[in-house]
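Visitor:
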Amino acid sequence: MIRLLALSGSLRARSSNGALLEAAALLAPAGMRIEPFAGIGALPHFNPDLEAGALPDAVRALRERVGAADGLLISCPEYARGIPGSFKNALDWLVGGPEFPGKPVALFNASPRASDAQTALRLVLRTMSGRVVEEASLTVPLLAAGLDGEAIAAQAGIAAAIVASLQAFARAIPAPE
1 MIRLLALSGS LRARSSNGAL LEAAALLAPA GMRIEPFAGI GALPHFNPDL EAGALPDAVR
61 ALRERVGAAD GLLISCPEYA RGIPGSFKNA LDWLVGGPEF PGKPVALFNA SPRASDAQTA
121 LRLVLRTMSG RVVEEASLTV PLLAAGLDGE AIAAQAGIAA AIVASLQAFA RAIPAPE
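The UniProt record's numbering puts the first residue of the sequence shown at 1, with every later residue one more than the last.
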């Protein structure tokens, strides 16, 4: 079973990015499970001094979930031509631990206009030694569509693209030893 951890870069309850990840979970092929991580908004501001002692519970939970996942599925909006601060904060908390380096990552994008954030995100993830799987990454036009995960999964063209991306991601993830 391939276990993917879904990380939305948006804290909005009804974000297009979150809905895209929900659709992916609904469309996951047999042998793949996609689990959401909803704790990004609970993370404290990154402070390297906090890594010297016991990690805050929210940080520990993030690192444990990332470590247990076979890959990360990230969907992140663009704010002011960059990565939202809350999501960058989450990534900063992963830098000091052993859980992230080498982790396969697929980037889903809910808006073709969000190209600057995607470029910045790729740079950050590669700097952190993540392995961005380009053939599994996907951009779909969902901006302002107001669709939930089920409605996205019901759109044949988008659903087919999501399934193809997830299948490509599965091929890029090494089999467990």
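No residue lacks a Cβ here, since even glycine has one placed at the ideal position from N, Cα and C.
Can you grab the Cα-Cα spacing for the pair PRO98 / GLY67, in whole Å?
Guide: Distance between the alpha carbons of PRO98 and GLY67 is about 8 Å.
Visitor: Using CA atoms only, rank isn't needed, just tell me which of GLY102, SER115, ALA156 is closest to VAL133.
Guide: Closest by C-alpha distance to VAL133, out of GLY102, SER115, ALA156, is GLY102.
Visitor: If SER165 and LEU143 are in contact, beta carbons under 8 Å, what's the gap, nearest whole angstrom?
Guide: Not confirmed; about 18 Å, so no contact.
Visitor: Which of helix, strand or coil does DSSP assign to LEU55?
Guide: The answer is coil: DSSP assigns LEU55 none of H, G, I, E or B.
Visitor: Say the cut is 8 Å; is the CB of ALA117 nearer than that to a heavy atom of the ligand ATP?
Guide: Of ligands this structure carries none, so the ligand ATP is not represented either.
Visitor: Tell me the DSSP secondary structure of GLU78 in three-state form.
Guide: coil
Visitor: Report buried or exposed for SER8, applying the criterion of at least 16 other Cβ atoms within 10 angstroms of its Cβ.
Guide: buried
Visitor: If ALA19 sits next to ASP148, beta carbons under 8 Å apart, how far is it from one beta carbon to the other, in whole angstroms?
Guide: 5 Å
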